[in-house]
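When we follow the numbering used here, the leftmost residue of the sequence shown carries the number -1, and every step to the right adds one.
One structure is given here, and the rest of the page talks about it.
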Amino acid sequence: MSKTHNSTPLEDGYRMPAEFEPHRGCWMLWPERGDTWRMGAKPAQAAFARVAEAISAFEPVTVGAGRRQWENARALLPEAIRVVEIASDDAWMRDVGPTFVVNAPGDLRGIDWQFNAWGGLDGGIYFPWAQDSLVAGKVLEIERADRYRAPLVMEGGSFHVDGQGTLITTGECLLNRNRNPHLTQKQIEDNLKTYLNVHKVIWLDKGVVMDETDGHVDNLCCFVKPGEVLLTWTDDTDDPQYDRSRQALEMLSAATDARGRRLAVHKIHQPDPMFIKEYECEGLDASETAKPRRTGDRLAASYVNFYIANGGIVMPLFDDAHDRPALDLLSRLFPDRRVVGVRSREILLGGGNIHCITQQIPTG
């Protein structure tokens, strides 16, 4: 059984490595929720399987599937991918799974954040979320990793770290009244420093337009390496994303990281604005306990929402004119990794993308 520590990672000498540091594996969940994923989740399952297979070329992958879907997941996923039975309310492992931390000898532990489905009853995406709240603990049991239970409502997609003491996040998410209304910005920042063992928090204002997570930073900006970040961008001054990205650029350009370095900012142009099509809504189950998805709603499409694997990058593609330039840019920024694109509109329709459905296990 995983031990739950009453201390903190900072006290015990554990830190969160950057995603570009070595991994011992990757975790995902299997989609089946009918009011999130159209057509009984079959198109989404095909997309998740493509992502899992792409990542498995670089590192071991484990997929958690519910009791009713375990056999189907096992049949659709390559044999090399481990499939375990885990109940969940949906399939966003980045946000419901543990955030792993390591110490200098390479011991592994995990942070189990408080989870309220991206806002609870004040703008959250579905109710209930009791099974999602148990996922992190179950993953830690399987990995035989001890646990820290953090006193903070958080999702793994709401922050990125550089592995050298710097964290980036957005105020739109972490300062939202539906997360931790009893805490000040300083108290939230102190918790981030205590549980992730970082020394500098860079606050951006807002995330990607119409991101139902309240502006997760993993859709907007990420670390390429220490001292360098990648920012989603648009040249269209009439697009509402333009002002958000421009403001983020100004804040990043003025910031220094935990080691006092100015950040180099690389822009990656977003795909052209994308919207939900009528037929994509017709295949959704009716629900009074989940956020409605309507024809014409804008999708929060971003190339920043990719996964960094050992020796590889698995990135979203949208059949958009910007796909190729985005792939080429990532290939230049990660010259020692092979960049693999996966068509992921079906994941985007559910509200996220490749980074949102994955969680790395660092090697330490």
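Just so you know, even glycine gets a beta-carbon here, dropped at the ideal spot from N, CA and C.
Residue range Pro238 to Ala252 is occupied by the alpha helix (DSSP H) that includes Ala252. Counting along the chain, Val196 sits inside no beta strand (DSSP E), nor does DSSP assign it H or E at all. Here DSSP, grouped into helix, strand and coil, assigns Gly38 to helix. In this structure, DSSP gives Ala298 a state outside helix and strand, which the three-state scheme calls coil. Collapsing the DSSP output to three states places Phe46 in a helix.
Secondary-structure assignment with DSSP links Met26 through a beta bridge to Val61. Judged by beta-carbon spacing, Val61 lies within the 8 Å limit of Trp28, meaning their Cβ atoms are closer than that value.
With a contact defined as Cβ atoms closer than 8 Å, Gly310 and Phe56 qualify at about 4 Å. In this structure, the beta-carbon distance from Pro103 to Gly161 does not fall below 8 Å. In the DSSP annotation of this structure, Tyr305 is not part of any alpha helix (DSSP H); the continuous beta strand (DSSP E) holding it starts and ends at Tyr305 to Ala307.
DSSP, read as helix, strand or coil, puts Arg175 in coil.
Closest in C-alpha terms to Phe304, from the list Pro290, Ala324 and Glu286, comes Ala324. Check the Cα spacing between Gly155 and each of Gln129, Gly281, Leu250 and His214: the tightest is with His214. It is roughly 11 Å from the alpha-carbon of Asn174 to the alpha-carbon of Ile186.
In the structure shown, His320 falls within a coil segment according to DSSP collapsed to helix, strand and coil. Beta-bridge analysis with DSSP links Asp270 to no other residue. Counting every other CB atom within 10 Å of its CB across the protein chains shown gives Ala63 a total of 16 or more, marking it as buried. Residue pairing for Trp201: DSSP places it in a beta bridge opposite Thr167. The Cβ-Cβ distance between Leu150 and Gly108 does not fall below 8 Å.
Between the C-alpha atoms of Glu17 and Ile306 there is a straight-line separation of about 6 Å.
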